[in-house]
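First the structure, in the form of structure tokens, and then the observations on it.
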Amino acid sequence: MASNGKHSFFIFMETISPQHDHHLKLTRMTLYEEKINHIKNSCYSNDKQLKTVIATRNFIDKNFDKDLNLNLLSDVRFTSKYHLQRLFKRYYGLTPKQYIIDKRIQKSKEYLKNGLKVTETCFAVGFESLGSFSKLFKTKTGKSPSEFQKEQVSINKLNSEY
Amino acid sequence: MKVTLISIPVRDQEKAVQFYTKKLGFIIKKDAPLEGGHRWVTLVSAAWQDGPELLLEPAPNHFEPCKVFQDALMEAGIPWTQFDVDNVDAEYERLVGLDVEFSVQPTKMGTVKFAVFNDTCGNNIQIIETL
């Protein structure tokens, strides 16, 4: 597609009249735009698949605190769960499960910063066990939820003092 | 090892500080003098102040290959780096209002929307929103 596009661009260049030449040079695509269009056509031309994964991600963003699993997500878009998992990974670079974990950790940082207790935060972002939440939080951020919260409190205190 | 810093080549550090803080909204994290009037100056996102730092590096003025590379990227319209935003359309409107020049208007591609602007310091910069 892209090489055809480039080809037709040069044919177009040969057929235009001189007075249009100046305008064409100004609006000519950069190399970056040509490459991007090539990638767009070769990797992102399936609108139906894109709609499915984008809707799935939006659904996760709105329901990260619920009991989300692949069965539920595939029901939302009427696709098979393995197909959905493959598509999501293909377009976002990570699986729905990994995305949900990242989303929950990101949200839990916000809640901890705002002063919600560790246990409350754990359940508010959709984890069912405090142990698995704390372990995941430490793996992803390098700190336990309570260490993270203490640090945030002292940063806030410092900011208000100085 | 941790990733905490990315560097961006600029022709004029002070001009870059002005553009990146006044127009883009970053804030200065570190600013220490070096020889010859240069500075070790890093910026962070106002909304993520413990996030990675952006080093404004005057390399193109002192190392010719860096200048050549930077110029070639600019000519080809290729972004030096990209920043995440919540809403590309809104950020595009805001920056156009501040006379920032865009080489790529907000464009959808796959699961992202992006746009590319000129940072007036020698680089194309891409802003991107995940859809």
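Just so you know, the protein sequences line up as chains A and B, in that order. Per this note's numbering, the first sequence runs over residues 8 to 169. Per this note's numbering, the second sequence runs over residues 14 to 144. Built from N, CA and C at the ideal position, the CB exists for glycine as well.
Is Ser-153 (chain A) buried or exposed, if buried means 16 or more other CB atoms sit within 10 Å of its CB? Here residue 153 (chain A) is taken as the residue at index 146 of the first sequence, counted from 1. Exposed, because fewer than 16 other Cβ atoms sit within 10 Å of the Cβ of Ser-153 (chain A).
Give me whichever residues DSSP pairs with Asn-131 (chain B) in a beta bridge. Your numbering for residue 131 (chain B) matches position 118 in the second sequence. In DSSP, Asn-131 (chain B) forms a bridge with B:Asn-137.
When you compare the segment 121 to 136 of chain B with the segment 16 to 33 of chain B, are there three or more beta-carbon pairs, one atom per stretch, that lie closer than 8 Å? Yes, the segment 121 to 136 of chain B touches the segment 16 to 33 of chain B.
Under 7 Å Cβ to Cβ from Val-125 (chain B), same chain only, skipping five residues before and after it: list those, please. Locating residue 125 (chain B) in the second sequence gives position 112, where the first residue counts as 1. Excluding positions up to five away in sequence, the list reads Ile-141, Glu-142, Thr-143, Leu-144.
Cβ pair Leu-77 (chain A), Lys-88 (chain A) closer than 7 Å: Counting from 1 along the first sequence, the entry for residue 77 (chain A) is found at position 70. Counting from 1 along the first sequence, the entry for residue 88 (chain A) is found at position 81. The answer is yes: Cβ separation under 7 Å.
Within the 7 Å Cβ cut-off, does Tyr-169 (chain A) reach chain B? To locate residue 169 (chain A), count along the first sequence from 1; it is residue 162. Taking Cβ atoms only, chain B never reaches closer than 7 Å to Tyr-169 (chain A), which makes this a no.
Can you find a CB in chain B that lies within less than 7 Å of the CB of Lys-96 (chain A)? Here residue 96 (chain A) corresponds to residue number 89 of the first sequence, with the count starting at 1. Chain B contact via Cβ: absent.
Tell me where the alpha helix (DSSP H) around Met-87 (chain B) begins and ends. By one-based count along the second sequence, residue 87 (chain B) stands at place 74. Its alpha helix (DSSP H) spans residues 77 to 89.
Where Val-81 (chain B) falls, given that 16 or more other Cβ within 10 Å makes a residue buried: Working through the second sequence from its first residue, we reach residue 81 (chain B) at position 68. Looking at its Cβ environment, which holds fewer than 16 other Cβ atoms inside 10 Å, Val-81 (chain B) is exposed.
Could you spell out the range, first to last residue, of the alpha helix (DSSP H) harbouring Pro-103 (chain A)? Position 96 of the first sequence, counted from the start, is the residue given in the question as residue 103 (chain A). Note, Pro-103 (chain A): alpha helix (DSSP H), 103 to 120.
Which residues in chain B sit within 8 Å of Cys-50 (chain A), going by Cβ to Cβ distance? Residue mapping note: residue 50 (chain A) aligns to position 43 of the first sequence, counting from 1. What Cys-50 (chain A) touches in chain B: Gly-123.
Give me, in chain order, the residues of the same chain whose beta-carbon lies closer than 8 Å to that of Thr-148 (chain A); leave out the 5 immediate sequence neighbours on both sides. Start at 1 with the first residue of the first sequence, and residue 148 (chain A) comes out as number 141. These residues qualify, in order along the chain: Ile-112, Lys-116, Phe-155.
Compare the C-beta of Ile-21 (chain B) with all C-beta atoms of chain C and state if any pair is closer than 7 Å. The chain inventory of the structure shown lacks chain C, comprising the protein chains A and B.
My guess is that Thr-59 (chain A) and Arg-84 (chain A) are in contact by the Cβ rule of under 8 Å, so how many angstroms apart are they, rounded? As a first step, residue 59 (chain A) must be located in the first sequence, where it is residue number 52. As a first step, residue 84 (chain A) must be located in the first sequence, where it is residue number 77. Indeed, because the Cβ distance is near 5 Å, the residues count as touching under 8 Å.
Min CB distance Tyr-39 (chain A) to chain B below 7 Å: The residue given as residue 39 (chain A) occupies position 32 in the first sequence. Under the Cβ distance rule, Tyr-39 (chain A) counts among the residues neighbouring chain B, one pair being separated by less than 7 Å.
Could you check where the beta strand (DSSP E) with Asp-44 (chain B) kicks off and where it finishes? If you number the second sequence from 1, residue 44 (chain B) lands on position 31. First-last of the beta strand (DSSP E) with Asp-44 (chain B): 40 to 46.
With a CB to CB cut of under 8 Å and the five nearest residues on each side skipped, what residues in its chain are close to Lys-36 (chain B)? Along the second sequence, read from residue 1 onward, the residue named residue 36 (chain B) stands at position 23. The residues Leu-108, Leu-111, Val-113, in chain order, have a CB closer than 8 Å to that of Lys-36 (chain B) in the same chain once the five nearest residues on each side in sequence are set aside.
Run the CB neighbour count on Tyr-98 (chain A), radius 10 Å, all protein chains shown included, and call it buried at 16 or more, exposed below. Residue numbering aside, residue 98 (chain A) sits at position 91 when the first sequence is read from its first letter. With at least 16 other beta carbons inside 10 angstroms of its own, Tyr-98 (chain A) counts as buried.
Inter-residue Cα distance where the pair is Gly-90 (chain B) and Glu-77 (chain B): Counted from its first residue, the second sequence places residue 90 (chain B) at position 77. Counted from its first residue, the second sequence places residue 77 (chain B) at position 64. One C-alpha to the other measures close to 20 Å.
Can you tell me whether Glu-48 (chain B) is buried or exposed? The criterion is at least 16 other CB atoms within 10 Å of its CB, across all chains shown. Residue 48 (chain B) sits at position 35 when you count from the first residue of the second sequence. The Cβ neighbour count for Glu-48 (chain B), taken over all protein chains shown within 10 Å, is under 16; the residue is labelled exposed.
Counterpart residues of Arg-52 (chain B) in DSSP-defined beta bridges: On the second sequence, residue 52 (chain B) is found 39 positions in, with the first residue counted as 1. Per DSSP, B:Pro-46.
What number of angstroms, rounded off, separates the C-alpha of Asp-132 (chain B) from the C-alpha of Lys-120 (chain A)? If you number the second sequence from 1, residue 132 (chain B) lands on position 119. If you number the first sequence from 1, residue 120 (chain A) lands on position 113. Spanning the two alpha carbons is a distance of roughly 33 Å.
Does any CB atom of chain A fall closer than 7 Å to the CB of Leu-144 (chain B)? The count along the second sequence starts at 1 and reaches residue 144 (chain B) at position 131. The Cβ of Leu-144 (chain B) sits closer than 7 Å to at least one Cβ of chain A.
On the CB-based measure, 16 or more other CB atoms within 10 Å of its CB, does Gly-138 (chain A) come out buried or exposed? For this step, residue 138 (chain A) is matched to residue 131 along the first sequence. That one is exposed.
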